[in-house]
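Note sheet for the following structure.
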Amino acid sequence: MSIGPSKPVSILVVDDQASNLHLYSSVLRKAGYEVDTCDNGNASLQILEHKRYQLVLTDVMLGGKSGLDVLELVRKGQGINKDTPIIVYTSDESPVVRQQAATLGASMFLERPIPAKELLNAVDLMVGDDSDTSNQD
1 MSIGPSKPVS ILVVDDQASN LHLYSSVLRK AGYEVDTCDN GNASLQILEH KRYQLVLTDV
61 MLGGKSGLDV LELVRKGQGI NKDTPIIVYT SDESPVVRQQ AATLGASMFL ERPIPAKELL
121 NAVDLMVGDD SDTSNQD
């Protein structure tokens, strides 16, 4: 019995906190996703110019460009990830941040901390995989 994606799904996780990068990438890799990580907004834009992803998961607060800046630039650009689903997350519970993310084209907004099951459910919704991750912790 296989858990995770039925075909390779490549995800970029962007967060300036090493603990979050490690946690989210570990959960996703364990579920069978291919994961690249990046610790700042500027570098994420460079990565997104050169590699196609099925999903981007980014924190709002980053070094360099913010996650909202990254979202806006990717959506307004003509790059290979222009239409890639982007999940934005933050510990900031402000409705203003949520509204900004929606206005800029976020596919989904999550509040940190993100439990593993919630993360996997969100990823499954965004990548449209038919796999069942409901048994994940």
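Here the UniProt record's numbering is used: position 81 in the sequence shown is 81, and no number is missing along the way.
Yeah, the Cβ is synthetic: ideal placement off N, Cα and C, and Gly gets one too.
Owing to the predicted nature of the structure, the values given are computational and were not obtained by experimental measurement.
- Counting the other Cβ atoms within 10 Å of the Cβ of P115 gives fewer than 16, which makes it exposed.
- Between S107 and I80, the CB-CB gap reaches or exceeds 8 Å.
- The DSSP-derived three-state label of I87 is strand.
- Spatial neighbours of N40 in its own chain (CB-CB distance under 8 Å, excluding positions within 5 residues in sequence) are listed in chain order as V14, D16, L62, G63, G64 and K65.
- For L110, DSSP records a beta bridge to Y89.
- It is roughly 25 Å from the alpha-carbon of K51 to the alpha-carbon of T90.
- Of the candidates V56, L28, L104 and L21, L104 places its Cα closest to the Cα of L68.
- A direct Cα-Cα distance of roughly 26 Å separates V97 from V27.
- Counting only residues of its own chain and dropping the five nearest sequence neighbours on each side, L21 has a CB closer than 7 Å to the CB of V13, D15, T37 and D39.
- Secondary structure at I47: helix, using DSSP grouped into helix, strand and coil.
- For V35, the three-state secondary structure derived from DSSP is strand.
- Under the DSSP assignment, D124 falls in the alpha helix (DSSP H) whose first and last residues are A116 to V127.
- Distance from the CA of K82 to the CA of P8, rounded to the nearest whole angstrom, comes to 20 Å.
- Between the alpha carbons of P85 and I11 lies a gap of roughly 10 Å.
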